[in-house]
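Here the structure comes first, spelled out in structure tokens, and everything after it is commentary.
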Amino acid sequence: KKWSPDLRFVNRAGSAVIWPPGYLHETSTLENQDGKCAASITLQYLFPQPVQFIRAFLPRLSLSSEVGHCHYRWDDYATFAMPMKPSGKQHKIDAQVDTVMSAVDGNGDGSVTPDEAEVHLRQQRNAMMRATAMATDKHGLDLYFRFYSQDVVAYHDVDGDMIASKQEIFDSLMQWNVVRMRVKRALQLFAVSNRTALEEFESSLDHMRRAPLQLPSEHRFLMEQVFELGAGTRILTQQELKHIGSFSDQELWSLLSGRIPQMAAHQAAQQAAQHSGAVEL
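Residue 924 in the numbering used here sits at position 95 of the sequence shown, and the numbers go up by one each step.
Next up, the structure:
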């Protein structure tokens, strides 16, 4: 379907537009009478990241078909770049908070500052890999970790004092665990083509919404094909699910784009054979 944007405008030569976080945009080039081509460039700021926007809308963004796959980076804000498995168990979430405070709270005062976060993040493999990919020298590396540390603390900071208290970190990790477990459960139901159970699961979360969820009547074509296979039809193995973190992961749709048509054709052939056998009888 052709989408209808909220705003249309012409960006003339030599001008620029700054997009707020969360905006989707499409650029097209006007036809020139002389037949010449034109080019436009979109740049993304590395810092600061809209971490408080991400935190506030994490439940919605995590299911976005456009940015849901960005959770691989967002996870590090919640976990201070430490490897953690999401859980629905209170004692495990409490243990995550204790792990963060033990590793990051350098002076033991029950809160985390950007300076303390920077000392910690420089020791984390994931953070260092991204930093060395972005920075070309020591000065660039220092700037990267200074700004990244500020972003990580700001993600947790609710009262605006640029210090993450233990309670704020607990609240962030609680939200992160709930969101990641929600996506994990939804993917598990999708992996066995169970549309009814998936919709019931989403509706069961209505008590946490401002208004009841309005389930869509139509889905992307490949997703419709998955549901047409029938509940109980496994389309993804447990091993494959371990490497898929959202409904917008390219790996998910790359796997299914070739697999689902073949499964549908095989299922149709089986049904035809069964029907033929029944007619012969």
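We put the beta carbon where it would ideally sit given N, CA and C, even for glycine.
C-beta contact flag for residue i and residue j at 8 Å
i: Ile1073; j: Leu1016; result: yes
i: Phe974; j: Ala960; result: yes
i: Ser1083; j: Val896; result: no
i: Val948; j: Ile998; result: no
i: Val880; j: Tyr906; result: yes
i: Met1003; j: Ile922; result: yes
i: Ser869; j: Thr856; result: yes
i: Leu1042; j: Glu1053; result: no
i: Gly935; j: Glu945; result: yes
i: Val1021; j: Thr1062; result: yes
i: Ala910; j: Ala956; result: yes
i: Leu1051; j: Ser1086; result: yes
i: Pro943; j: Val987; result: no
i: Val933; j: Lys995; result: no
i: Phe876; j: Asp980; result: yes
With 16 other Cβ atoms within 10 Å as the buried cut-off, status of residue i
i: Ser1075; result: buried
i: Met913; result: buried
i: Leu836; result: exposed
i: Leu878; result: A small correction: the amino acid at residue 878 is Gln; Leu does not occupy that position in the sequence shown. Flag for Gln878 reads buried.
i: Tyr901; result: exposed
i: Trp848; result: exposed
i: Pro834; result: exposed
i: Tyr852; result: exposed
i: Pro915; result: buried
i: Val1055; result: buried
i: Gln1068; result: exposed
i: Val846; result: exposed
i: His920; result: exposed
i: Phe1019; result: buried
i: Leu872; result: exposed
i: His1048; result: exposed
i: Leu1044; result: exposed
i: His1104; result: exposed
i: Val1012; result: buried
i: His1095; result: exposed
i: His985; result: buried
Option in the options with minimal Cα separation from residue i
i: Tyr874; options: Arg1088, Tyr906, Tyr977; result: Tyr977
i: Leu950; options: Gln996, Asp938, Leu970, Asp966; result: Leu970
i: Pro888; options: Gln1096, Asn936, Glu1069, Arg1038; result: Arg1038
i: Leu892; options: Val1008, His1104, Pro834; result: Val1008
i: Ala842; options: Thr858, His1095, Trp832, Lys967; result: Thr858
i: Gly917; options: Gln1068, Asn1006, Glu1080, Ala1097; result: Asn1006
i: Ala1097; options: Leu1070, Leu1058, Gln1068; result: Leu1058
i: Lys1071; options: Arg1014, Leu853, Gly1087, Asp986; result: Arg1014
i: Ser894; options: Leu1081, Ala1102, Gln1091, Asp863; result: Leu1081
i: Trp832; options: His854, Asn840, His1104, Ala1094; result: His854
i: His898; options: Ile1089, Gln1079, Gln1100, Pro1090; result: Gln1079
i: Met1010; options: Leu1034, Gly989, Asp990; result: Leu1034
i: Gly890; options: Arg954, Thr965, Pro850; result: Checking the displayed sequence, the identity of residue 890 turns out to be Leu instead of Gly. Checking every option, the nearest Cα to that of Leu890 belongs to Pro850.
Sheet register partners of residue i (DSSP bridge)
i: Gln993; result: Residue identity check: residue 993 is Ala in the sequence provided, not Gln. Looking at the DSSP assignment, Ala993 forms a beta bridge with Val941.
Residue i beta carbon near the ligand MN (any heavy atom closer than 7 Å)
i: Met1092; result: As presented, the structure is devoid of all ligands, the ligand MN included, so that no description of it is given.
Q. Is it a yes or a no for the segment 1016-1035 touching the segment 906-915, going by three-plus beta-carbon pairs under 8 Å?
A. no
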